[in-house]
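In order, the protein sequence lines correspond to chains A and B. Here full-length UniProt numbering is used: the first residue of the first sequence is 1, the next is one more, and so on. Here full-length UniProt numbering is used: the first residue of the second sequence is 1, the next is one more, and so on. Even glycine gets a Cβ: it sits at the ideal position worked out from N, Cα and C. Being a predicted model, the structure only gives us computed values, none of them experimental.
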Amino acid sequence: MSGRNLVLLVVLAVAVLIGYNSLYIVKETERAVMLEFGRLDQADIAPGLHYKIPLVHEVRMFDARILTFDAQPERYLTVEKKAIMVDSFAKWRIRDVNTYYTSTNGEETRAERLLAQRINEGLRNQFAQRSLLEVVSGERDQLMVDLIESLNRFTNTSLGIEVIDVRVKRIELPEDVSGSVFLRMTSEREREAREHRAKGREQAEVIKADADRQQAVIAAGAYRDSELIRGEGDAKAAAIYASAFNKNPEFYSFVRSLNAYKETFSGAGDFMLVDPDSEFFRYLKDPKGETSQP
Amino acid sequence: MAWNEPGGNNQDPWGGKKGGDGPPDLDEALKSFQDKIGKIFGSSKGGGSGSGGASMGRLPIGILLVVLLVVYFVAGFYKVNEQERAVILRLGVYKETKSSGLHWNPAFIDEVIQENVTRKRFHSTQGTMLTEDLNIVDITLSVQYIISDARDFVLNVKEPEVSLRQATDSALRHVVGSNVMHEVLTEGRAAIAVDVQQRLQQYLDAYTTGILVDTVNIENSAPPREVQAAFDDVNKAREDEERVKNEAQTYANGIIPEARGRAQRTIEEANAYRDRVVAQSEGEAKRFEQLLTEYSKAPEVTRERLYLDAIQDVMANTSKVMVDVEGGNNMMYLPLDKIVERSQANLGGNRVELSQQVIDQLVDRTTEQVRREIMSSSRNTTRSPR
Numbered sequence: 001m002s003g004r005n006l007v008l009l010v011v012l013a014v015a016v017l018i019g020y021n022s023l024y025i026v027k028e029t030e031r032a033v034m035l036e037f038g039r040l041d042q043a044d045i046a047p048g049l050h051y052k053i054p055l056v057h058e059v060r061m062f063d064a065r066i067l068t069f070d071a072q073p074e075r076y077l078t079v080e081k082k083a084i085m086v087d088s089f090a091k092w093r094i095r096d097v098n099t100y101y102t103s104t105n106g107e108e109t110r111a112e113r114l115l116a117q118r119i120n121e122g123l124r125n126q127f128a129q130r131s132l133l134e135v136v137s138g139e140r141d142q143l144m145v146d147l148i149e150s151l152n153r154f155t156n157t158s159l160g161i162e163v164i165d166v167r168v169k170r171i172e173l174p175e176d177v178s179g180s181v182f183l184r185m186t187s188e189r190e191r192e193a194r195e196h197r198a199k200g201r202e203q204a205e206v207i208k209a210d211a212d213r214q215q216a217v218i219a220a221g222a223y224r225d226s227e228l229i230r231g232e233g234d235a236k237a238a239a240i241y242a243s244a245f246n247k248n249p250e251f252y253s254f255v256r257s258l259n260a261y262k263e264t265f266s267g268a269g270d271f272m273l274v275d276p277d278s279e280f281f282r283y284l285k286d287p288k289g290e291t292s293q294p
Numbered sequence: 001m002a003w004n005e006p007g008g009n010n011q012d013p014w015g016g017k018k019g020g021d022g023p024p025d026l027d028e029a030l031k032s033f034q035d036k037i038g039k040i041f042g043s044s045k046g047g048g049s050g051s052g053g054a055s056m057g058r059l060p061i062g063i064l065l066v067v068l069l070v071v072y073f074v075a076g077f078y079k080v081n082e083q084e085r086a087v088i089l090r091l092g093v094y095k096e097t098k099s100s101g102l103h104w105n106p107a108f109i110d111e112v113i114q115e116n117v118t119r120k121r122f123h124s125t126q127g128t129m130l131t132e133d134l135n136i137v138d139i140t141l142s143v144q145y146i147i148s149d150a151r152d153f154v155l156n157v158k159e160p161e162v163s164l165r166q167a168t169d170s171a172l173r174h175v176v177g178s179n180v181m182h183e184v185l186t187e188g189r190a191a192i193a194v195d196v197q198q199r200l201q202q203y204l205d206a207y208t209t210g211i212l213v214d215t216v217n218i219e220n221s222a223p224p225r226e227v228q229a230a231f232d233d234v235n236k237a238r239e240d241e242e243r244v245k246n247e248a249q250t251y252a253n254g255i256i257p258e259a260r261g262r263a264q265r266t267i268e269e270a271n272a273y274r275d276r277v278v279a280q281s282e283g284e285a286k287r288f289e290q291l292l293t294e295y296s297k298a299p300e301v302t303r304e305r306l307y308l309d310a311i312q313d314v315m316a317n318t319s320k321v322m323v324d325v326e327g328g329n330n331m332m333y334l335p336l337d338k339i340v341e342r343s344q345a346n347l348g349g350n351r352v353e354l355s356q357q358v359i360d361q362l363v364d365r366t367t368e369q370v371r372r373e374i375m376s377s378s379r380n381t382t383r384s385p386r
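This is the structure we're talking about:
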C-alpha cells in the first residue's frame, strides 16, 4: 500500500514539474522570444498562457514597457565653442523583439549603453550646429525632434528599439563660466541700483530747484507789486501836495522852509553862530528896530 | 481484519462532523471524488479490500483538498476602495479595470493590481537653471497629479513616477529657458506655471503614463545666492529713490508757503506805506490850506509871526554863539570842542559818553553851520539897505 502511494506521489510530482516547466505566462508588460536549443524559434510571443517543451525550448522575456534611460551629464560645445553641461534622459521601448534579442542578447544595460553612445553623439552633433541661446531657449523642441528622428533611423533597424523621446533636463554652464555669469548679473543689478539712486537724486534736484524758483518768483513778484503800490502812494501824495501847494507856492516855500529849519535844528546838540545884525535880532539892540538899517 | 476495526471507529466522528458542518453538495462532490480515487487505488490491488485500502489516505487528503479549495476560493475575494481602481490581468493579458466594491477573481489565474486614482500625489523639484537672457535663477516647483488611467499607469511605463520627475525637470527648464529673467522672477511666474503644466502633460501623454497633472506651482523663484545681495541692493536703491524724492518734496513744501507768506508781508508793507504817505500828504495839504486861508486874511502879520515862531524854536533848541564883529571874515578862535562837550553834559548823564567819531561829526556840522550863518549874515547885511 505505501509503495503504491509513493509511486502516486512521484507521478504527481513529475506531472506538476512538467506542467510547471511547459506552461508559461507572458504578461501584458512583457515581450518574449522562444528558443529551441538556442536557436530562435518563435519571436514576439503575444501576452497570455503558452506552452513549451521543457529542456527543448527556452523562453526569454523582456520588459515591453516604456523604459527610461537617464544619461550621465556630458560636456558639449556649442557652435560658438562655449562649453555646456547637459543632462538628458531618453524614453525607449522594444520595437522588434527579434532584433533586440539578437543585437543586445536581451540585456537592458547593454541596450542602454549602445543607446547612450548614440544619444551622446546625436546631442554633440545637434549642439555643435546651434548657438547657446538657441539651445537654451527657442530650439529645444526642434533639436529633440531632429535628434529622435536620427536616432530612430539607426535604432529601429539595428537595435530593435524605438526611441520615443529624448529630453534635455539640465543645461548648465561650467563652474568658471557660471562664476562670470554671476559677476555679470551682479554688475547688471548694480547698474540698475545706481540708476535708481541717480534718478532719485535727479528728481530731488528738480523738485528742489523748482521750489527755489517758485520761491524767487514769489519774492520778486511781491517786490514788484510792493514797488507798484509804493509808487502809487507816492504819486497820490505828490498830487495832493501839488494841488494844495499850488494855491500859493511862495507861501508854501516859506512855511516849508520854516518847518525844515525847525526839523533841522531840533537837536539840543546843534550849535549856531548868530550875527546880531540878522532880522531875528532886529529888536535886540534897538527897541525901535532900526539898528540894522543905518 | 485488524485494520477494519479502527477504520470503522474512525468513520463515526467524521460522519457526525459531515452531518453538522459541511454543506451537502460539497460533501457529495467530495465523496464522489474520494470514491474515484479509491477506485483507482482499489481496482489495481483487488476489489474486496478496495474501500478499506483508501480509508487510511482518504481522510487527510480529503480534508486537505477541502481546505485548499476553501482557501483558494476565499483568496479570490478582494475589495476595491472608492479611491481605487483594480486592473485585472488574466493569465498575463489585460482583461478589465474594476471600480470600487467587492470582487472575486480566481487566484493565480488573474492578477489584480490596485491603484489609488483619486489621491493627489505630490512632487517637488528645485534647481538652478538658465533663462533666455542667459541669467541663472533658482526655482522651486511643485506638481500635484492624479492617476487618470490606472491601466496605462500600471502597464505602459516602467516607473511612471520617475518619468514624471524627469519630464517635470525638462519641461520646467524648457519654459524657463524661453523666458527672460525678469519675467521668471516677477510677473511671469503664473504664466510659466501654466506653460510648464501644458508641456508636462504633453510629455506624459506621449509616454502614455496615465498621469493627469492637476496643478503646477512655482513656489519660489529667486536669483542665485551668489547675486542675492545685488538684487537686494536694487530694492534698496528703489527705496532710496523714493526717499530722496520725498525729502526734496519736504523741502519744497517747507519753503514755498514761507515764501508766499513773506511775499504777502512785502505787499502789506507797501500797502501800509502807500496809505501812510497818502494820509500824510492829505493831512499836510489840509493843514497848509487852512493856514493859507488865515494867511490870506492877514499876510504880513502872519508871515512875521510864523517866522519868529520858527526861529524861536530853532534858537531855543540850539546852542548859540553870537558873533558881534564887523567884517565876519576875521580870524577868530572858538573852542568848539569845549562848547560841544559842555552842551553834551547839559543833556544829562545818559549821553555823556559819545565816541570821538560822533563828536567829530558834530564839530564838522557845527563848523559848516557857522560858515553858512556867516555867509547868510553877510548877505543880510548886503540886503539890509532894502
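| Asked | Found |
| --- | --- |
| Which chain B residues are close to Y51/A, counting only those with a beta carbon under 7 Å from its beta carbon? | Within chain B, no residue comes near Y51/A; the closest Cβ sits about 12 Å away, beyond 7 Å. |
| Using the Cβ count rule (16 or more neighbours within 10 Å means buried), how would you classify G349/B? | Summary for G349/B: the model assigns pLDDT 46, below 50, so the residue's position carries little reliability; its value from the coordinates is reported in the next sentence. Burial call: exposed. |
| Within this structure, are the beta carbons of I211/B and L134/B separated by less than 9 Å? | no |
| Alpha carbon to alpha carbon, how far is A64/A from A71/A? Give it in angstroms, no decimals. | 20 Å |
| Report buried or exposed for I311/B, applying the criterion of at least 16 other Cβ atoms within 10 angstroms of its Cβ. | buried |
| By Cβ distance below 6 Å, which residues in the same chain neighbour L102/B in space, the five residues on each side in sequence not counted? | K79 |
| Hey, how far is the Cα of I267/B from the Cα of G233/A? | 13 Å |
| Assuming the contact rule is C-beta atoms closer than 8 Å, L67/A and K158/B should be a hit. Round their C-beta distance to whole Å, please. | 5 Å |
| Could you tell me how far apart the beta carbons of A237/A and V278/B are, in whole angstroms, since I believe they sit closer than 8 Å? | 5 Å |
| Count the other C-beta atoms from every protein chain shown that fall within 10 angstroms of the C-beta of P223/B, then say buried if there are 16 or more, exposed otherwise. | buried |
| Is there a C-beta anywhere in chain A that falls below 9 Å from the one on G188/B? | no |
| Starting from residue 304/A and walking both ways along the alpha helix (DSSP H), at which residues does that stretch end? | Since the first residue of chain A shown is 1 and the last is 294, residue 304/A is not available in this structure. |
| Under DSSP, the beta strand (DSSP E) around T266/B begins and ends at which residues? | Premise fails: T266/B lies in the alpha helix (DSSP H), 225-297, not in any beta strand (DSSP E). |
| On a CA-only basis, which of V154/B, Q201/B, Q83/B, L292/B is nearest E111/B? Give me that one, please. | V154/B |
| Cβ-heavy atom distance between F245/A and the ligand NAP below 8 Å? | The ligand NAP is not among the ligands present in this structure, which contains no ligands whatsoever. |
| Can you give me, in chain order, the residues of the stretch 171-186 of chain B that have a beta carbon less than 7 Å from any beta carbon in chain A? | R173, H174, G177, S178 |
| What residues from the stretch 57-91 of chain A come within 8 Å of chain B, judged by C-beta to C-beta, listed N to C? | D63, R65, I66, L67, T68, D70, F89, K91 |
| Are there 16 or more other CB atoms within 10 angstroms of the CB of Q197/B, so buried, or fewer, so exposed? | buried |
| Could you work out which residue in A86/B, M181/B, I139/B, L306/B is closest to A260/A when comparing CA atoms only? | L306/B |
| Just to confirm the assignment, what range does the beta strand (DSSP E) spanning residue 469/B have? | Here chain B has residues from 1 to 386 only, and residue 469/B is not among them. |
| How would you label G283/B, buried or exposed, when you count the other beta carbons within 10 angstroms and need 16 or more for buried? | exposed |
| Since G177/B sits in a beta bridge, which residues does DSSP pair it with? | None, per the DSSP bridge assignment. |
| Over the uninterrupted beta strand (DSSP E) stretch that includes R90/B, give me the two end residues. | 84-90 |
| Could you spell out the range, first to last residue, of the beta strand (DSSP E) harbouring N116/B? | 110-116 |
| Taking only beta-carbon atoms, is E28/A less than 9 Å away from chain B? | yes |
| In chain B, which residues lie less than 7 Å from S226/A when you measure between Cβ atoms? | T266, I267, E269, A270 |
| Is it right to say L185/B is buried, meaning 16 or more other beta carbons lie within 10 angstroms of its own, or is it exposed? | buried |
| Bridge partners of K320/B, per DSSP? | M272/A |
| If we define contact as Cβ-Cβ less than 9 Å, is R259/A a contact residue for chain B? | As written in the sequence, residue 259/A is Asn, which differs from the Arg given in the question. True, the Cβ-Cβ gap to chain B drops below 9 Å. |
| Identify the contact partners of K208/A in chain B, using a Cβ-Cβ distance below 8 Å as the criterion. | A248, Y251, A252 |
| Are S88/A and V136/A close, meaning C-beta to C-beta below 9 Å? | no |
| Using a 10 Å radius around the Cβ and a threshold of 16 neighbouring Cβ atoms, would you call G160/A buried or exposed? | buried |
| At a CB-CB cut-off below 8 Å, which residues of chain A make contact with E373/B? | M272, L273, V274, D275 |
| Determine contact between the stretch 42-59 of chain A and the stretch 25-34 of chain A, defined as no fewer than three beta-carbon pairs at a distance below 8 Å. | yes |
| Between residue 317/A and I164/A, what straight-line distance do the alpha-carbon atoms span, to the nearest angstrom? | Chain A is shown from 1 up to 294; residue 317/A falls before or after that span and cannot be answered. |
| What's the C-alpha gap between residue 397/B and L23/A? | Outside the displayed range of chain B (1 to 386) lies residue 397/B, so it cannot be described from this structure. |
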